[in-house]
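The structure appears below as structure tokens.
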Amino acid sequence: MHDFFKRSVIQVEALSDISLTINEGEMIGLIGRNGAGKTTLIKLLTGILPLRQGEIKIDQMLPYQREKVFLKNIGVLLGQRSQLIWDLPAIDTYDMLAAIYELPKQMYNARLTWLSEQLEVTELLYIPVRKLSLGQRVKCELIAALLHRPKYLFLDEPTLGLDFVTQKTIYKILRLENQYHKTTIITTSHYIKDIEQLADKVIILNKGKIIFNDKLEQLPKELTTEILFDIDFLNSKSVEKKLTCAPDKLNEILAKIPAERILRVSQRGMELEELILQFIKGDSI
1 MHDFFKRSVI QVEALSDISL TINEGEMIGL IGRNGAGKTT LIKLLTGILP
51 LRQGEIKIDQ MLPYQREKVF LKNIGVLLGQ RSQLIWDLPA IDTYDMLAAI
101 YELPKQMYNA RLTWLSEQLE VTELLYIPVR KLSLGQRVKC ELIAALLHRP
151 KYLFLDEPTL GLDFVTQKTI YKILRLENQY HKTTIITTSH YIKDIEQLAD
201 KVIILNKGKI IFNDKLEQLP KELTTEILFD IDFLNSKSVE KKLTCAPDKL
251 NEILAKIPAE RILRVSQRGM ELEELILQFI KGDSI
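Just so it is clear: in the sequence shown, position 238 is 238 by UniProt numbering, and no numbers are missing.
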């Protein structure tokens, strides 16, 4: 059989020619399509992946060396990597982390009390992790990432699959950490609301390269400030539908819809998600 089959290996460069500086206390959003290099960049910054070429420095330390001081300064929340021990209560993991990070007992107790109260999980800390819901587990994972008050916090899809209330709670605690402790927060997410809530500055990756690196409010200025029209109408089955179009297509579309079926036509600017998709699409041409 060996003579009939040959292994084919295709090498894909996840990141290429990346150069960026992140200042202390910044809240950064990493955006891009699947395979753009977002999670790879997070893993390189945290030392989970070794760097093949180039150099990354955080506080003059090389992440891949995983020095003790470096590990004490970072917190990581990756959706596919859990710090919590599945069959034990979260409190047991926190006790272990406190020992690893050499946290003074008074500081540990105060920090744990504050975080658990803010995230409303105090009563859940003594329940085996496997019995918690997804939202409850994510909150407990976040405590594990924040327990030692890291200078740098790396989040990969932090609210994926969570309900609206849990998302708001997580946004609140992260903004407080940034406000009071100047925590640098780097978030990658496909959920635009995460970026709007957790980023003052946006880095857009496409095919492993940075195509935008600036403050969130500067993004529209990099594009033609597009006006869109939303057309709400009733279709032939009297079901309400919506079409969105650019100004130059408005009259053409309105001419195809019977006037009596048009409910409203409203004008608006492009939403963040639309701007980002347009930006990536333009870079791909």
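Idealized CB from N, CA, C, for every residue including glycine.
Practice problem: Helix, strand or coil for R52, going by three-state DSSP, please let me know. | Solution: coil
Quiz item: Any chance the stretch 127-144 sits against the stretch 77-89, with 3 or more Cβ pairs inside 8 Å?
Solution: yes
Exercise. Return yes when the Cβ of L198 is within less than 8 Å of the Cβ of I210, no when it is not.
Key: no
Exercise. Check T188 in the structure and name its three-state DSSP category.
Key: strand
Practice problem: Mind checking who C245 pairs with in its DSSP beta bridge? | Solution: F229
Practice problem: Apply the 10 Å Cβ neighbour rule to V76 and answer buried if 16 or more other Cβ atoms are within range, or exposed otherwise. | Solution: buried
Quiz item: Is the number of C-beta pairs between the stretch 189-198 and the stretch 153-171 that are closer than 8 Å three or more?
Solution: yes
Quiz item: Which class does R81 belong to by DSSP, given the choice of helix, strand or coil?
Solution: strand
Quiz item: Hey, would you say R149 sits closer than 8 Å to R175, going by beta carbons?
Solution: no
Quiz item: If we call anything under 8 Å between Cβ atoms a contact, is L146 one with L115?
Solution: yes
Quiz item: Could you give the C-beta distance for I253 and L243, rounded to a whole number, given that I count them as a contact under 8 Å?
Solution: 6 Å
Quiz item: Run through DSSP, which three-state label would D92 get?
Solution: helix
Practice problem: Let me know if Q267 comes out buried or exposed under the rule of 16 or more other beta-carbons within 10 Å of its beta-carbon. | Solution: exposed
Exercise. List the endpoints of the continuous alpha helix (DSSP H) containing N206.
Key: Here N206 belongs to no alpha helix (DSSP H); instead the beta strand (DSSP E) covers 201-206.
Practice problem: Along the beta strand (DSSP E) that carries M27, what are the first and last residues, could you check? | Solution: 27-31
Quiz item: At which residue ranges does the stretch 120-158 contain complete beta strand (DSSP E) runs of 3 or more residues, listed in the order of the chain?
Solution: 152-156
Quiz item: Leaving out the 5 sequence neighbours to the left and right, which residues in its chain are closer than 8 Å to Q65 when beta-carbon positions are compared?
Solution: G47
Exercise. Give a yes or no on contact between the stretch 31-48 and the stretch 201-219, applying the rule of three or more CB pairs nearer than 8 Å.
Key: yes
Quiz item: Is the Cβ-Cβ distance between D200 and M27 less than 8 Å?
Solution: yes
Self-check item: Backbone CA spacing between L250 and P258 [nearest angstrom]
Solution: 14 Å
Quiz item: How long is the line joining the alpha carbons of E217 and D163, rounded to whole angstroms?
Solution: 27 Å
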